[in-house]
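Report on the structure given below.
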Amino acid sequence: MSDDPTPTPRPARLTAAAAVSGLEGLALVGLGVYLLVMGVLGTFDNAVQAWTGGVTLIALGLIPLAAARGLLLCRSWSRGPAMITHLMALIPAYTLLKSAGGLIPLGILVAAVAVTGLVLIVSQETTRALGIGARDA
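Structure (structure tokens):
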């Protein structure tokens, strides 16, 4: 740590990385809530499956939301969960891209968000702001 009492401003790329992680988290939580509501309303053939999927997506959505908060607070631990979330998002993106018709644009969007998040989280500016990497002698 530096002896300088003035805090350094958070880099724009770190803020953008937090925003991307937050958006991924909100999307997962939103989809989870949707599945829960549809399961309660009985619009799915298997309500238990809808509830299980909804709870799972909400739990998974909390990970990138926590990472986004950590990134905003410049916590080095938050880089790992954010990176894993972005990497994991490439799996459904690939699946959507291999599908037919109307899901391909959604696959492109998911892939673009995931790749953007990865680029932002591994950038030198972000890494330096989080205090990861080589230390000054």
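Residue numbers -6 to 130, in the working numbering, belong to the letters of the sequence shown in order. Virtual Cβ for every residue (Gly too), placed ideally from N, Cα, C.
The DSSP-derived three-state label of Ala86 is helix. Gly18 places its beta carbon 8 Å or farther from that of Ala82.
Counted as a single uninterrupted DSSP element, the stretch harbouring Ala93 is not any alpha helix (DSSP H), since DSSP gives it neither H nor E. Judged by DSSP in its simplified three-state form, Thr45 adopts helix. Residue environment for Thr119: buried (at least 16 other C-beta atoms within 10 angstroms of its C-beta). Shortest Cα-Cα distance from Val108 to any of Leu90, Met76, Leu99 involves Met76. In the three-state DSSP reduction, Ser116 falls in the coil class, being neither helix nor strand. Ranked by how close their Cα comes to the Cα of Gly73, the residues Leu34, Leu111, Val26 have Leu111 in first place. Taking a 10 Å sphere around the C-beta of Val13, we find 16 or more other C-beta atoms and assign the residue as buried. The alpha carbon of Arg121 has as its nearest neighbour, out of His79, Cys67, Gly47, the alpha carbon of Cys67.
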